[in-house]
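Visitor: Residue numbering for the sequence shown follows the numbering used here, beginning at 1055 and increasing consecutively.
Don't be surprised by glycine CBs; every beta carbon is placed ideally from N, CA and C.
I have a structure I would like to understand better, so I am pasting it below and will then ask my questions one at a time.
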Amino acid sequence: MNYHQVLSMMIFNNDDQANTNFDDKVKGIIERVKPSLLPNIRQSIEEFSTRKQHLYVLNYLLRGIIQEHTKVDTDIPFNTSQYHSVKVAVEFIILIGIKPSLLPGIGIDINKVCSIASTITEETDLSCLEKYERLCFSTYLLLDLFDNLNLRPAVLSQIGLLIAALLQLSHAPLVKPSNNYQSESENVNNQKFYMTAEEYQRLLNRQKLFHSKLISLLLNCPLNICFRELMIILGMKTAPKWLRKETQNYLIKMLVQPNGISSLFITIYNDSLDLGTDWKKLDTLSRLIAVTHGKNVDEYYGAVCPQLLDLFFSDKFKHSSTIANCCIKSLYDYNPHACQRYIVQVICAPLANKESSVAKEKEIERSIELLARCFLTEDAKFKCLPCKVIFYIATPLFCLYTKVLGSACVLKANLQRLLLKILEEETMQEKLYAAFLGHDMSGEFGNYITSEFGPTSGVEITGLNKNLDYVKLADTMFDLVSTATALSPSLFGYILKFLSNANKWNEIEQPKILETENDKIERITNCITIQFAIHTAAYDLISKLASTNAVQDIQIKNPEPLLSFIKSLFEKYINRQDKVEDECEMLYISLMWIKTWILEKSKAIKIDLFKDFKTFLEGHLQNSNLPNQLESLISEVINCIMTHDSRTKFEKKYYQDLSSSSNKFDEALKDLKDPLLPVRAHGLITLTKLIETNDPYAIARDAIILLLFQENLKHEDSFIYLASINGLCAMATVFPEKYMETLILEYIDMPKRNAFSEITVETRVKIGEILVKTTRALGEMNVVQKNMLLNGFLCTIRDTDPLIRASGLSCLAELCKILHYRLGNMLTEICYCITCILKSDKIPECRRAAVLVATLLFRGLDQNLLTSCTSDMIDLYRELRNLRDDKDSVLQLHIQLALEEIDRIMRDSLFVKIPTLEKKMAQLNSTSNR
């Protein structure tokens, strides 16, 4: 018997198009397929209703398909026609066997998702027991179909109503049994059902069986589908209370399963999360996850929180880090203790070691990465945790940053950003400075750790650090605050307070146990050594900070802390019995700061703030015990303060005299402010002509004009860009000794500053073009800057960006041509660099540019190639021969041209052309003599 063929007859009825009644259609179909059925099957369904017959025949055929497929024992799937027949059969089972038997409010309206449903009228003559038995029969059949992997997709398309049926069969409340038959359930057809004790027990046993079936179905069904269908069932407005309660319990159970949270978000957003329109939905969902579900709080958070941390590394959908941050922030708002225990402490566990335990590279790397994603996100800063929750690991983070500071470790950037984020808390800045510099050993911010580089270029913690290198800590602190101008003044102020506290100088820790005289001497010696190291490092750090512009600007506006510090140094020095000149070194340095700032920043400084300090210095100047050098410096500072007003007036007068007139210059500046691009370009061209004509007014303001050209060099418009290039070329041509070196140093130094500023690759390429164009304009004069130019372009060959390497090689080729290939000893280095590019560089453009340089070198050197031939030139030739069969066709063409140049040179040198003897004869025109 061909079950698929008979099933197809059950589904399709093309002959009876006129009959629109569903029951009549079903009756006609059954009559057609009865001859194909076994006799016992035909007899067993004779007494059934039409729809029940249809349901039982479908059950017989589908189970036959399952058995037939099991006997064959193959994984070959059904064809399209067979699968379609099974899918439609499943829809009929849902429409006839499950949908009419569900209680009101359970399941979705199948009419919206199934076109056949609108043609089926509702049965009104079914009793409660008949509905129940039909529901059980249909549910068993669908479960068996679901267990078959080939038939499972057909069931998954209608899985929602199957889950609803299982929920009803597993958890619907039963009528309590009664001996007097007073408890009854009345059907719509006025049939009455009386619950007996035996029937009640039978139904309870069935509920347990269906409950186990439901659990098995949810375990084998994809989590996102389970979430979707259960949330749809829960969202029905007419759903009964018992259904809502049980559905919520199943949702919570699935949520705490592995990947439960990610499946929930996949179900809701389906990788289409829009942070603008879906933000409220995301906020609501994250707060629902953060709320405790169930009686066991630890069990719930212990299952959910690891999933939130795994979300940071999930690639199943976009914005996973943002979703995880929202959930964690909601958890912190709802239960800070649980967030600290299950999220923060888990992340920081490798860094919060209180004993001499070891943390491996992978643990440290994961911890730093999670901290960065939790606290350094840019998508939703207000959804980040406050940094105070990780204060207790601030010192270990600083120790790790100290270790990786001078290396290329990938953790360096995140460590730096984390420490800067922690230091943003102004109320804790001074305490953090004290901990980082080793001034506070209380361990409030964690322990000092020792670390080593691991085998995979990571860092691993090896234990606790008892012997601190205070100078190294101070250097790390200076490097850290140098990247944030707002921190330098606050650190400077902290160091002033620390050094001003006289009690810190002689503070010796008291012992907690009895000690011998030798122990006491050793303890005091160690304390003095540590104090000396701390203060030496502090003096070095404050000297470095004083040289930064950020500190100077703040001290000029508010010099009172520094002046108080200097006064305290004077008091300490005067009160000492044995005055040693070396001990007043900090006093010298501080007075030099005051003198330098007054002289260099005379316009910005408020001299009235220094009047009292001048009086103080004049009082100490009368002290005869001061060294001569100190007296001389004090006199200079007093003189600077006294003559400040007159010096400022002279500078203002001098500036006003210089601002006489230059109409063209003023007009050019006005043009540069114009919003129209052609007008702005005209202003740049005007400034260029003023420089080319050596206009005295423009020459006096060459630094301002240079800044204008550099700023417009970043413009996207080609007209503005070319005008800026021409202007810079003109300045470098007029002032080669002044601006050529500046441009070259800027060109070389850009990669170092790129980490802290927005310098694009295109900007650096443009400056390289300017240098080449300027050297072409200088002609023979560029020999003076030859070595500097060549070194500048050779430096770019080591750049990490392939565009920079290719541009540098092209500029190098053009420069060699301009210099007429008079390269001297630089030829060896150029050949070596070209060979290295051809051997190791994987970027096609870079290799092509390298071959271009080689071709131009061969062409320019010509016969001198043989005399200039070194081992590096031979290596270059061998590498060119090795690359002749490269896959890059353009590179092959370049290599062929280079080899042809070598072949030409060798032919010309080996086969000297013999001069041909020829006699020139001319015939005079006879008419010309007439």
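Taking all protein chains shown into account, decide if Thr1889 is buried (16 or more other Cβ within 10 angstroms of its Cβ) or exposed.
Guide: Buried, by the Cβ-count rule.
Visitor: What residue range does the beta strand (DSSP E) around Phe1507 cover?
Guide: Element bounds for Phe1507: Ile1503 to Phe1507.
Visitor: Please name the residue in Arg1206, Phe1200, Leu1268 and Met1249 whose C-alpha comes closest to that of Ser1224.
Guide: Answer by Cα proximity: Leu1268.
Visitor: Applying the criterion that 16 or more other CB atoms from any shown protein chain within 10 Å of the CB defines a buried residue, is Leu1477 buried or exposed?
Guide: Flag for Leu1477 reads buried.
Visitor: Helix, strand or coil: how does DSSP classify Tyr1248 here?
Guide: Reduced to three states, the DSSP call for Tyr1248 is strand.
Visitor: Using a threshold of 8 angstroms, state whether the C-beta atoms of Trp1651 and Ile1620 are closer than that.
Guide: No. Outside cutoff.
Visitor: CA-CA distance, Leu1623 and Asn1629?
Guide: Looking at the two C-alpha atoms, the distance is approximately 10 angstroms.
Visitor: CB of Leu1671 to nearest heavy atom of the ligand COA: below 7 angstroms?
Guide: Among the ligands in the structure shown, none appear at all, so the ligand COA cannot be discussed.
Visitor: Would you mind giving the Cβ-Cβ distance between Ala1218 and Ile1160, rounded to the nearest angstrom? I have them listed as a contact below 8 angstroms.
Guide: At roughly 5 angstroms, the Cβ-Cβ gap stays under 8 angstroms, so Ala1218 and Ile1160 are in contact.
Visitor: Going by the CB atoms, is the gap between Leu1776 and Ile1759 shorter than 8 angstroms?
Guide: In this structure, Leu1776 does not lie closer than 8 angstroms to Ile1759 by Cβ.
Visitor: Measure from the alpha carbon of Lys1988 to the alpha carbon of each residue in Leu1221, Ile1343, Leu1257 and Asn1274, then state which is nearest.
Guide: Lying outside 1055 to 1984, the shown extent of the chain, residue 1988 is not represented and no answer is given.
Visitor: Can you grab the Cα-Cα spacing for the pair Asp1916 / His1874, in whole Å?
Guide: Spanning the two alpha carbons is a distance of roughly 11 angstroms.
Visitor: For the region 1197-1204 and the region 1252-1262, state whether three or more C-beta atom pairs, one from each stretch, are separated by less than 8 angstroms.
Guide: No, they do not touch.
Visitor: Sort Gly1118, Glu1122 and His1108 by Cα distance to Ile1150 and report the nearest one.
Guide: Per the Cα distances, His1108.
Visitor: Taking the alpha-carbon positions, what's the Gly1878 to Arg1913 distance?
Guide: Taking the straight line from one Cα to the other gives about 16 angstroms.
Visitor: In whole angstroms, give me the CA-to-CA distance for Asp1882 and Leu1919.
Guide: Strictly speaking, residue 1882 in this sequence is Thr, with Asp absent from that position. Spanning the two alpha carbons is a distance of roughly 12 angstroms.
Visitor: Of all the options Lys1416, Glu1353 and Arg1427, which has the alpha carbon lying nearest to the alpha carbon of Arg1395?
Guide: Considering only alpha carbons, the answer is Glu1353.
Visitor: Report the rounded CA-to-CA distance for Leu1424 versus Arg1298, giving the unit in angstroms.
Guide: Their backbone Cα atoms lie some 37 angstroms apart in a straight line.
Visitor: Quick check on DSSP: helix, strand or coil for Val1513?
Guide: Here Val1513 sits in strand by DSSP.
Visitor: Tell me the DSSP bridge mates of Ala1413?
Guide: DSSP output for Ala1413 lists Ile1515 as bridge partner(s).
Visitor: Determine the direct distance from the alpha carbon of Phe1586 to that of Leu1451, and round the result to whole angstroms.
Guide: Cα-Cα distance, rounded: 26 angstroms.
Visitor: Does the Cβ of His1391 have 16 or more other Cβ atoms within 10 Å, making it buried, or fewer, making it exposed?
Guide: Exposed is the call here.
Visitor: Rounded to whole angstroms, what's the CA-CA distance from Ser1511 to Leu1518? Just pull it up for me.
Guide: The straight-line gap from Cα to Cα measures roughly 21 angstroms.
Visitor: Start and end of the alpha helix (DSSP H) containing Glu1177?
Guide: Per DSSP, Glu1177 belongs to no alpha helix (DSSP H) and is neither H nor E.
Visitor: Using 8 angstroms as the threshold, is the C-beta distance between Thr1850 and Gly1862 below it?
Guide: For Thr1850 and Gly1862, yes; Cβs fall inside 8 angstroms.
Visitor: Tell me whether Leu1380 sits in a helix, a strand or coil according to DSSP, three-state version.
Guide: The residue you asked about is not Leu; residue 1380 is Cys in the sequence shown. The answer is helix: DSSP assigns Cys1380 an H, G or I state.
Visitor: How is Ser1317 classed by DSSP in three states: helix, strand or coil?
Guide: Here Ser1317 sits in helix by DSSP.
Visitor: Would you kindly report the start and end of the unbroken alpha helix (DSSP H) that includes Tyr1886?
Guide: Its alpha helix (DSSP H) spans residues Met1880 to Ser1894.
Visitor: Under 8 angstroms by Cβ, that's how I've got Val1140 and Ala1208 pegged, so tell me the actual separation to the nearest angstrom.
Guide: Right, their Cβ atoms sit about 5 angstroms apart.
Visitor: Helix or strand or just coil, what does DSSP make of Pro1790?
Guide: Note: Pro1790 maps to helix in three-state DSSP.
Visitor: Which value, in whole angstroms, describes the spacing of the CA atoms of Ile1692 and Leu1671?
Guide: Approximately 7 angstroms, taken between the alpha carbons.
Visitor: Count the other CB atoms within 10 Å of the CB of Asn1501; is the residue buried (16 or more) or exposed (fewer)?
Guide: By the neighbour-count rule (16 or more Cβ atoms within 10 Å), Asn1501 is buried.
Visitor: For Asn1468, which residues of its own chain have a beta-carbon under 8 angstroms away from its beta-carbon, when the five flanking residues on both sides are left out?
Guide: Around Asn1468: Ile1422, Glu1423, Leu1425, Ala1426 and Leu1430.
Visitor: For the alpha helix (DSSP H) containing Pro1207, list its first residue and its last residue.
Guide: Arg1206 to Leu1210 is the extent of the alpha helix (DSSP H) around Pro1207.
Visitor: Using a Cβ-Cβ distance cut-off of 8 angstroms, determine whether Tyr1931 contacts chain C.
Guide: Protein chain content of the structure displayed is limited to a single chain, and chain C is not contained in it.
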